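Visitor:
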Amino acid sequence: MYSIAELQTRLHQLGALPAHRDRVLRHWLHNIPLDKGRRALQHFLPLAVREALPELMGELASLARLQEQHPGADGSERLLVGLQDGQSAEAVLLPRGGLCVSSQVGCAVGCRFCMTGQGGLVRQLGSAEILAQLALARQIRPVRKVVFMGMGEPSHNLAAVLEAIELMGTVGQIGHKQLVFSTVGDARIFDQLRQARVRPALALSLHSSNAQRRRELLPRAAPLEPQWLVEEADRYGRDTGYPVQYQWTLIEGVNDSAEEIDGVARLLAGRWGVLNMIPYNSVPALPYQRPDWERCRAIARELHQRGVLTKLRDSAGQDVDGGCGQLRARAQQQALQ
Ligand code: SF4
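Each residue of the sequence shown is one higher than the last, beginning at 295 in the numbering used here.
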């Protein structure tokens, strides 16, 4: 049962009405024990559904099992999540009630600096598997914000991601502004996000202001001009009222030059949004390096002075050797040994 549509079909076969689905989902996403909500369930659910609930809940719980948990010194915790078919995905509990979820196993974009991108796309996650990461995380601590910045490119799995966002923003009781759709950009997404019942905030991964360099760094991202992407993102941000987060992984000797700083200033000065500058989290298997922290601070300061609201952020979980895709890569290696 990977998708919510499959759950809906199962419930329908048991005689449930469409509205009953949300009661079941509420119990699951908030980890409410069945006996705790028994009165409500007895009132509202047909007998056949109530009888099937323990089995259904067991199946939902098996969509995402905790395989590994790596606490970091900054309050984050990296989770390796086991899926029903033996695949795994990564999720990260962030400080202050955040959760970073995966939307795919692997990723087709192939960013040169990302471990997940090196193995290509393995498979899509169903909407239920995305929601299952939230249910699992809430067994560990409360979650009030969900960012789609884990493994995968959400625009490549748009229907499942939008369904998960809608349910997180309604039954899951996450504020809409606290749902963050993070993308490298795709021409279709801006209109579709605008039309969604729950419209999330937007994070746009830029990484370079230079179209050619961006194509080299993100080889299978849609070949769209950074200028066009920023204008579309800006329009979406203004329509929703949520400032856009522009993401920039800062890599030594790759996108930390004076020319790039000029390019960022040209693209983003005066925009209603924030530039999250994240110094690269070096990985032994890849040839990229993290710039010196003082250099990062100087870049952030300069951009700030040039009218770009810039936040220099340390990537969560750096000290547990778990940048995006690393936990999964390491688990696969161990399985082969
Ligand atoms: Fe995919 Fe994101 Fe990794 Fe790029 S950084 S390969 S978009 S998971």
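Where a beta carbon is used, it is the ideal one built from N, C-alpha and C, also for glycine. Predicted model, so just to flag it, every value in this text is computed and none were measured.
#1: Residues in its own chain within less than 6 Å of C607 by CB, not counting five upstream and five downstream?
#2: Quick one: what's got a C-beta closer than 6 Å to Q433's C-beta in the same chain, skipping five residues either side?
#3: Going by the CB atoms, is the gap between H306 and A338 shorter than 8 Å?
#4: Taking the continuous beta strand (DSSP E) assigned at M571, which residues delimit it?
#5: The alpha helix (DSSP H) with V343 in it runs from where to where?
#6: If contact is defined by three or more beta carbon pairs under 8 Å, each pair taking one atom from either stretch, is the stretch 434-454 in contact with the stretch 467-479?
#7: Can you list the alpha helix (DSSP H) stretches of 4 or more residues lying completely in the stretch 508-555, in chain order?
#8: For a test of your reading of the model: does the CB of L374 fall under 7 Å from any non-hydrogen atom of the ligand SF4? Yes or no.
#9: Once the 5 residues before and after A490 are set aside, which same chain residues still bring their CB inside 6 Å of it?
#10: Candidates L461, I483, A454, E423: which alpha carbon is nearest R320's?
#11: Figure out for me which residue from L377, V548, E596, A527 has the closest Cα to the Cα of W566.
#12: Shorter than 7 Å, the distance from the beta carbon of T410 to the closest heavy atom of the ligand SF4, or not?
#13: Going by other Cβ atoms of all chains shown within 10 Å of its Cβ, with 16 needed for buried, is V614 buried or exposed?
#14: Just to confirm, are P340 and G366 a CB contact at a threshold of 8 Å?
#15: Assign W322 to buried or exposed, taking buried as 16 or more other Cβ atoms, counted over all protein chains shown, within 10 Å of its Cβ.
#16: Whole angstroms is fine: what's the gap from Q381's alpha carbon to G446's?
#17: Let me make sure I understand the geometry here. Which of E349, L603, Q363 has the alpha-carbon closest to that of V542?
#18: Contact criterion: CB-CB distance below 8 Å. Does E457 meet it with respect to chain B?
#19: What residue does the alpha helix (DSSP H) around R320 start on, and which one ends it?
Guide: Taking the coordinates as given:
#1: Just to set this straight, residue 607 is Arg in the shown sequence, not Cys. Excluding positions up to five away in sequence, the list reads N570, I572.
#2: Within the same chain, Q433 has close Cβ partners N325.
#3: As written in the sequence, residue 338 is Phe, which differs from the Ala given in the question. For the pair F338 and H306, the CB atoms are not nearer than the 8 Å cut-off.
#4: DSSP places M571 inside the beta strand (DSSP E), whose first and last residues are 567-573.
#5: Taken as a continuous stretch (DSSP letters only), the alpha helix (DSSP H) holding V343 covers 341-355.
#6: In short, these stretches touch, since the Cβ pair count reaches three.
#7: Whole alpha helix (DSSP H) segments, 4+ residues: 520-534.
#8: No, the beta carbon of L374 sits no closer than 7 Å to any heavy atom of the ligand SF4.
#9: Excluding residues within five positions, the ones whose Cβ falls inside 6 Å are L456.
#10: If you compare the alpha carbons of L461, I483, A454, E423 with that of R320, the shortest gap goes to L461.
#11: The shortest Cα separation from W566 among L377, V548, E596, A527 belongs to A527.
#12: Using a cutoff of 7 Å, the CB of T410 counts as near the ligand SF4, since one of the ligand's heavy atoms is closer than that.
#13: Interpretation of V614 is limited by its pLDDT of 41, a score under 50 that renders its predicted location unreliable; the figure taken from the coordinates is listed afterwards. The residue is buried, with at least 16 neighbouring Cβ atoms inside 10 Å.
#14: Inclusion of P340 and G366 in the CB contact set at 8 Å is not warranted, their separation being larger than that value.
#15: Only buried fits W322, as 16 or more other CB atoms lie within 10 angstroms of its CB.
#16: Each residue's Cα considered, the two are about 14 Å apart.
#17: The question names Val, yet the displayed sequence has Trp at residue 542. The residue from E349, L603, Q363 with its alpha-carbon nearest to that of W542 is L603.
#18: Absent from the structure is chain B; it holds one protein chain and no more.
#19: Where R320 is concerned, the enclosing alpha helix (DSSP H) stretches over 312-323.
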